[in-house]
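For what it's worth, full-length UniProt numbering labels the leading residue of the sequence shown as 1, then goes sequentially.
Comments concern the structure below.
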Amino acid sequence: MKTKIQFLSAMLILLLLTQAMSCEKDDKNENPDQQQNSTPTPTPSDANGVLVNLKLFNTQSTPVGNIEIEFGGAAAYFLDANGKFQDAGEVTVDGTHKLKKQTGAMENYYFYEQTASNPTGIEYGSQIQWSVSGSSAVQAFNHTISGSMPTVGQITTTGTLSKSGCTINVASVTGADSVMFQIGGKVKTRPGNATSCEFSADDMKDVGTGLQLVQVLPYKIQGATINGKKYYFVREVSRTKMLEVSN
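Below, the structure is given as structure tokens:
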């Protein structure tokens, strides 16, 4: 299936990372390139809408060792003929998890927001139900997808990454159609069983130096024609780690 990377669909992980990570910041970690990073979501070129279920694993270094933060999120967007986001009414996952509709530059982009009563987000099982109440632009529908989320082990790459070339390794990947590997703003896609990805000097030329976000993202995607429109349902798992990049 031919896909493209759509920047606005990538904002889900930024929102989740903002919620899941500590509010405290180390001045050493402030990096303009890092602040602009986002995580891509596969977007088929014929999509009228994309609905994403995401599991985020973020490893943070602390004085007492590494701490892993886990969060279950979701996002959705619905496109008109010009690729503009459309209002779709209320969008919920598994009947109780209502997605928040964005305003401003990302108007009509839906994402699941962390709450004090549910800090770890959505718990995903073998079935996921999407409900869209609809609007004048998007007809209401319900759709259930079956099967487990992909899985991804720890990112095993350590030390400093070189702009002259480097490799990102992960312990394991299962249940994926494809795997995306990311350093800073550079993304490469590999087959669903890939556990490593090489980044050449050319790949790294636009990646900044200093501390950068590294991600490995296995995903599976399935399409469905509903009310005459083509919708894609993505199940994606993100494993993140901060690593230093140097010349």
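For each residue, glycine too, the CB sits at the ideal point set by N, CA and C.
Source: prediction; values computed, not measured.
Assign residue i to one of three DSSP states: helix, strand, or coil.
i: Gly210; result: strand
i: Gly104; result: helix
i: Met204; result: helix
i: Thr120; result: coil
i: Ala81; result: coil
i: Glu90; result: coil
i: Ser133; result: coil
i: Lys230; result: strand
i: Asn247; result: coil
i: Tyr219; result: strand
i: Ala47; result: coil
i: Val237; result: strand
i: Tyr110; result: strand
i: Ser126; result: coil
i: Gln139; result: coil
i: Gly73; result: strand
i: Val64; result: coil
i: Leu54; result: strand
Using the Cα positions of residue i and residue j, report the straight-line distance between them to the nearest angstrom.
i: Ser45; j: Ala81; result: 11 Å
i: Gln182; j: Gly208; result: 13 Å
i: Arg239; j: Gly175; result: 15 Å
i: Gly134; j: Gln86; result: 10 Å
i: Ile168; j: Phe199; result: 8 Å
i: Ile69; j: Gly83; result: 34 Å
i: Ile145; j: Gln127; result: 6 Å
i: Lys101; j: Ala88; result: 9 Å
i: Ile67; j: Thr158; result: 16 Å
i: Asn142; j: Gly95; result: 10 Å
i: Ala201; j: Lys163; result: 6 Å
i: Asn108; j: Thr160; result: 39 Å
i: Lys229; j: Ser148; result: 25 Å
i: Ser22; j: Val64; result: Note that Ser22 scores 36 on pLDDT, short of 50, meaning its location in the model is unreliable; the coordinates nonetheless yield the value given after this. Near 15 Å, if we compare the C-alpha coordinates of Val64 and Ser22.
i: Cys197; j: Ser246; result: 18 Å
i: Gly184; j: Asn193; result: 23 Å
i: Tyr110; j: Gln60; result: 27 Å
i: Gly104; j: Asn58; result: 28 Å
Measure the CB-CB distance between residue i and residue j and report whether it falls below 9 Å.
i: Phe78; j: Asn53; result: no
i: Gly165; j: Asp206; result: no
i: Asn227; j: Gln139; result: yes
i: Gln154; j: Ala171; result: yes
i: Ser117; j: Glu90; result: no
i: Thr151; j: Val187; result: no
i: Asp177; j: Tyr219; result: yes
i: Met180; j: Gln222; result: no
i: Tyr112; j: Gly125; result: no
i: Ala75; j: Leu99; result: yes
i: Glu244; j: Leu211; result: yes
i: Val50; j: Val234; result: yes
i: Met242; j: Leu217; result: no
i: Gly73; j: Glu123; result: no
Within 9 Å (strictly less), CB to CB, does residue i reach chain D?
i: Asp87; result: No chain D appears in the structure shown, which is made up of a single protein chain.
- Let me know the beta strand (DSSP E) ranges lying completely inside the region 146–195, each 3 residues or longer, listed in chain order. 160–162, 165–169, 178–183, 186–191
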